[in-house]
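Student: Numbering (the working numbering), first residue to last: 83 to 427. All C-beta atoms in this analysis are idealised placements derived from N, C-alpha and C, irrespective of residue type, glycine included. All values reported here derive from a predicted model rather than from experimental measurement. Can you keep this structure in mind? I'll have questions shortly.
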Amino acid sequence: MEDKNLIYHFLKEDCSPEELDQLHEWLISDLDEETTNELLKSLWKKTHDGNIHEIDESELTARIRKEIAANNGFERTKPTKKRIIVRNRRNNSWVIITAILLLVITAGYFITSNNQAADPTPILAEQIEKNTPRGHRSTINLRDGSKVILNSETKITYDENFGIDNRRIHLEGEAFFEVARDEDLPFVVISKNLITRALGTSFNVRDYGDEDSASIALATGKVKVKRSQNPTNKFKIFLNPNEQVVLNKASQKWSKSTFRPERVLSWKDNSLNFKEMSLARIIKTLERWYDVNIEVKGQGIEKLTYEGTGSFEKQSLENILNTLGYTMGFESTINEKQIMIKLTN
83 MEDKNLIYHF LKEDCSPEEL DQLHEWLISD LDEETTNELL KSLWKKTHDG NIHEIDESEL
143 TARIRKEIAA NNGFERTKPT KKRIIVRNRR NNSWVIITAI LLLVITAGYF ITSNNQAADP
203 TPILAEQIEK NTPRGHRSTI NLRDGSKVIL NSETKITYDE NFGIDNRRIH LEGEAFFEVA
263 RDEDLPFVVI SKNLITRALG TSFNVRDYGD EDSASIALAT GKVKVKRSQN PTNKFKIFLN
323 PNEQVVLNKA SQKWSKSTFR PERVLSWKDN SLNFKEMSLA RIIKTLERWY DVNIEVKGQG
383 IEKLTYEGTG SFEKQSLENI LNTLGYTMGF ESTINEKQIM IKLTN
């Protein structure tokens, strides 16, 4: 990792101004926990001859994250007494980097012993998994006071230390997050295609494996979004309320725009809104929402978009299909969980 070489140069006090700026940017951006732990162990081996006997990774990572969170681009409402403010940008970089790296090389965080062999087996936190199957939605209250509403066929995973030394959630599917504010621990949602970072806010993440796009829509607050496929890329997007970013998975190109909450967020209130939605996406949504399988006969499904009022609240699948069919030009038959749609236009 080139960034490790930068740190080694920093420790030897021979960083150029350009290298210092590069190191500063890397440290305060998006270090994930795996990279952080790898870096800590590598630096320790580089700067000490003793064996690593035990690492208090939870406490160390938490303190590093507090320093990173204090400088990651979000405004703090109440400055802490421990924070050092330096006007000069170069001096400020040295202060921040030194504060972080001092944590790495402080003896209190590593218990070393020349008489005991190192245990190479890392201690992994237990993973907690929450699933919502087809035909269901659920609400999860997290330890930190945040709330997550899971859409159908959605899974979130987080470790047992969530809310203590991290607030990181892995997502497959769609969920709406109401995040409790914590300036020391940013709230991070990682899906296959997008990474969302926030302090205290509410936003929707949609990233289903069988869809061509992934999206993040912000309801309140502010979030920072990066692409999961290239997390080291410096390019990122900041969203304000009623803004969304949509990523094309194939091209990895994304676009930022405003959105109408009643169309994007209505699902969390048990309402479906199909206004200007393609029939192909409507079908996938109905399959998840009602736990059914839908087959289409006929040509031209990719050309059909719903232009009606779009909103369906607590309606039966039969009523929804009849309304959609009348507007879009198809007939449907229901046989328990098997649905047949025949295009008539």
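Residue ranges of each alpha helix (DSSP H) run of no fewer than 4 residues wholly in the region 359-390, ordered along the chain?
Tutor: 361-372
Student: Just to confirm, are Asn-286 and Phe-258 a CB contact at a threshold of 8 Å?
Tutor: Against the sequence shown, residue 286 aligns to sequence position 204. Against the sequence shown, residue 258 aligns to sequence position 176. Yes.
Student: Using 8 Å as the Cβ pair cut-off and three pairs as the minimum, do the region 347-357 and the region 392-407 touch?
Tutor: yes
Student: Leaving out the 5 sequence neighbours to the left and right, which residues in its chain are closer than 6 Å to Glu-254 when beta-carbon positions are compared?
Tutor: Stepping through the sequence shown from its first residue, residue 254 is reached at position 172. Cβ within range, chain order: Lys-237.
Student: For Thr-415, count the other beta carbons within 10 Å of its own beta carbon; 16 or more makes it buried, fewer makes it exposed. Which is it?
Tutor: Counting from one through the sequence shown, the residue named residue 415 turns up at place 333. Under this definition Thr-415 is an exposed residue.
Student: When you compare only the Cα positions, how much space is there between Ser-339 and Ile-402?
Tutor: The residue given as residue 339 occupies position 257 in the sequence shown. The residue given as residue 402 occupies position 320 in the sequence shown. Distance between the alpha carbons of Ser-339 and Ile-402: 29 Å.
Student: Is the region 357-367 touching the region 323-333, taking contact as three or more C-beta pairs under 8 Å?
Tutor: Taking a cut-off of 8 Å for Cβ pairs, the region 357-367 and the region 323-333 do not touch, as fewer than three such pairs fall below it.
Student: Could you work out which residue in Asp-226, Glu-235, Leu-232 and Glu-400 is closest to Asn-243 when comparing CA atoms only?
Tutor: Locating residue 243 in the sequence shown gives position 161, counting from the first residue. Comparing Cα-Cα distances from Asn-243 to each of Asp-226, Glu-235, Leu-232 and Glu-400, the minimum goes to Asp-226.
Student: To the nearest angstrom, report how far apart Lys-229 and Phe-269 are at their CA atoms.
Tutor: Mapped onto the sequence shown, residue 229 falls at position 147. Mapped onto the sequence shown, residue 269 falls at position 187. For Lys-229 and Phe-269, the distance between alpha carbons rounds to 12 Å.
Student: Under 8 Å between the Cβ atoms of Leu-267 and Asn-248?
Tutor: For the purposes of this step, residue 267 is taken as the residue at position 185 of the sequence shown. For the purposes of this step, residue 248 is taken as the residue at position 166 of the sequence shown. Yes.
Student: Around the Cβ of Gly-291, are there at least 16 other Cβ atoms within 10 angstroms (buried) or fewer (exposed)?
Tutor: Within the sequence shown, the letter at position 209 stands for residue 291. Exposed.
Student: So which of Gly-392, Gln-420, Asn-417 and Lys-419 has the shortest CA-CA distance to Tyr-408?
Tutor: Locating residue 408 in the sequence shown gives position 326, where the first residue counts as 1. Just measuring C-alpha positions, the residue of Gly-392, Gln-420, Asn-417 and Lys-419 sitting nearest Tyr-408 is Gly-392.
Student: Would you tell me roughly how many angstroms separate the C-alpha atoms of Gly-390 and Ile-365, rounded to the nearest one?
Tutor: As a first step, residue 390 is located in the sequence shown; it is residue number 308 there, counting from the start. As a first step, residue 365 is located in the sequence shown; it is residue number 283 there, counting from the start. The straight-line gap from Cα to Cα measures roughly 16 Å.
Student: Within the same chain, show all residues whose beta-carbon is closer than 8 Å to that of Asn-322, passing over the 5 residues directly before and after it, in chain order.
Tutor: Walking along the sequence shown from the start, residue 322 turns up at place 240. Correct list, in chain order: Leu-300 and Lys-304.
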